[in-house]
Amino acid sequence: MKWIVLSLTSVLLLLLVLASCGPEAQTGAVFSKYSAHACAAPSPADTLPPNRVGKALDKVKREESPASGVPTDDPAADTQRHFLLGKFDPAEHPDFVTIAQPYANRPGLLMQREAYAAFKKMADAARKDGVKLTIISATRTFDYQKNIWEKKWSNLQTQVKESKDRALKILEYSAMPGTSRHHWGTDIDLNDLNNASFKSGGSQARMYAWMQKHAADYGFCQPYTAKDEQRPTGYNEERWHWSYRPIADKLLQQYEFSVTDAMITGFLGAENARSIGVVQNYVLGVACKN
Ligand SMILES: [Zn+2]
Numbered sequence: 001m002k003w004i005v006l007s008l009t010s011v012l013l014l015l016l017v018l019a020s021c022g023p024e025a026q027t028g029a030v031f032s033k034y035s036a037h038a039c040a041a042p043s044p045a046d047t048l049p050p051n052r053v054g055k056a057l058d059k060v061k062r063e064e065s066p067a068s069g070v071p072t073d074d075p076a077a078d079t080q081r082h083f084l085l086g087k088f089d090p091a092e093h094p095d096f097v098t099i100a101q102p103y104a105n106r107p108g109l110l111m112q113r114e115a116y117a118a119f120k121k122m123a124d125a126a127r128k129d130g131v132k133l134t135i136i137s138a139t140r141t142f143d144y145q146k147n148i149w150e151k152k153w154s155n156l157q158t159q160v161k162e163s164k165d166r167a168l169k170i171l172e173y174s175a176m177p178g179t180s181r182h183h184w185g186t187d188i189d190l191n192d193l194n195n196a197s198f199k200s201g202g203s204q205a206r207m208y209a210w211m212q213k214h215a216a217d218y219g220f221c222q223p224y225t226a227k228d229e230q231r232p233t234g235y236n237e238e239r240w241h242w243s244y245r246p247i248a249d250k251l252l253q254q255y256e257f258s259v260t261d262a263m264i265t266g267f268l269g270a271e272n273a274r275s276i277g278v279v280q281n282y283v284l285g286v287a288c289k290n
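Mapping the sequence shown onto our numbering, position 51 (from 1) lands on 51, and the numbers just tick up by one.
Given below as structure tokens:
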């Protein structure tokens, strides 16, 4: 496998040398911003800013390796990947805090400190307008999500025989362990888990109208909107699920460049992750992204 890495590095160095032959090379600013740009046909790596080039090459390297998902020689990248997959303890993580009541409907829920501070501001402003925002689910670990997933998997065993169909059925509303935005501490479910409640005439219709008008002012966005040409794949609409973009957008970018379907393992039905394309179609199938 080393020769692949070496050859990729050689190609990148060669591209850097060749960069002086293209028109972009004459523009210092462009050259310094996209140091890997060259007059050769762009590869996935050299269409990216410098901070992503290494990750893109790393992704190419890992996708060629059947052993992807096992620890690499980069402990910091492994730690971050474990974080993205929910394989850490949020109660022990320095960036996570416990959500106080009445912001949450029960004790012990956790989220990232910055996202929580923004949520409190938003909830306080909503309260002044007569709207209550209550967190009913926040950070969920891989193991927690595995529990949700495998319960659904077992319940559907007789109803949906074919393994891939069963996975797709659960994916209408629930994420495979390792692919949930709830792993990140940036995403929360609010008030109710029924879309009808948030629609006209429903008990949460005023809340939803308030969120549509004001949530973005506090950094929050609804990632799972109704599916349309803007969001053709992914989970069904979830009017209760909101995401803190200043952190979540960055984590989504990291996810795209460091996690592959082959790494989504360790639960019943995980073998379907690749054929479903769970990273591309579900993790990246969101309305909130740059
Ligand atoms: Zn949710």
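Every residue gets a Cβ at the ideal spot worked out from N, C-alpha and C, and that includes glycine.
Rounded to the nearest angstrom, what separates residue i and residue j at their Cα positions?
i: Ser180; j: Tyr255; result: 11 Å
i: Lys2; j: Asp73; result: Model confidence at Lys2 stands at a pLDDT of 46, short of 50, so the residue's coordinates are unreliable and nothing is read from them.
i: Leu268; j: His214; result: 40 Å
i: Asn105; j: Asp228; result: 33 Å
i: Phe198; j: Cys288; result: 19 Å
i: Arg358; j: His183; result: Limits of the chain in this structure are 1 at one end and 290 at the other, which puts residue 358 out of reach.
i: Phe257; j: Lys250; result: 11 Å
i: Ser68; j: Arg127; result: Reliability fails at Ser68, whose pLDDT of 46 lies under 50, so the model's placement of it is uncertain and no value is given.
i: Ala36; j: Gln253; result: Bear in mind that a pLDDT of 29 at Ala36, under 50, signals an unreliable position, so the number given afterwards is only what the model happens to contain. The straight-line gap from Cα to Cα measures roughly 19 Å.
i: Met211; j: Lys121; result: 13 Å
i: Ala175; j: Asp124; result: 30 Å
i: Arg113; j: Ala77; result: 22 Å
i: Leu168; j: Asn281; result: 11 Å
i: Met111; j: Ser275; result: 32 Å
Please name the residue or residues paired with residue i in a DSSP beta bridge.
i: His241; result: Asp189
i: Thr98; result: Leu110
i: Ala104; result: Ile135
i: Cys221; result: Ser243
With a threshold of 7 Å, establish whether the CB of residue i neighbours any heavy atom of ligand 3.
i: Ser137; result: With respect to ligand 3, the structure offers nothing, as its ligand set consists of ligand 1.
Is residue i near residue j, with beta carbons less than 8 Å apart?
i: Ala173; j: Tyr235; result: In the sequence under discussion, the amino acid at residue 173 is Tyr, which differs from the Ala named in the question. Taking 8 Å as the Cβ cut-off, Tyr173 and Tyr235 qualify as a contacting pair.
i: Arg245; j: Gln222; result: no
i: Pro90; j: Thr134; result: no
i: Gly311; j: Phe96; result: This structure leaves residue 311 out entirely; the chain is present only between 1 and 290.
i: Tyr177; j: Gly86; result: This sequence places Pro at residue 177; Tyr is not what is there. Closer than 8 Å, so yes.
i: Trp149; j: Ile170; result: yes
i: Ser163; j: Asn272; result: yes
For residue i, count the other beta carbons within 10 Å of its own beta carbon; 16 or more makes it buried, fewer makes it exposed. Which is it?
i: Gly285; result: buried
i: Asp165; result: exposed
i: Thr260; result: buried
i: Asn191; result: buried
i: Ala216; result: exposed
i: Asp129; result: exposed
i: Ala115; result: buried
i: Asp46; result: Because Asp46 carries a pLDDT of 33, less than 50, the predicted location of this residue cannot be relied on, and the following value inherits that uncertainty. Its Cβ being crowded by 16 or more others within 10 Å, Asp46 is buried.
i: Lys151; result: exposed
i: Tyr208; result: buried
Would you say the stretch 148-160 touches the stretch 259-266, given that touching needs at least three Cβ pairs under 8 Å?
no
Flag this pair as touching only if the stretch 140-151 and the stretch 193-206 have three or more C-beta atom pairs under 8 Å; answer yes or no.
no
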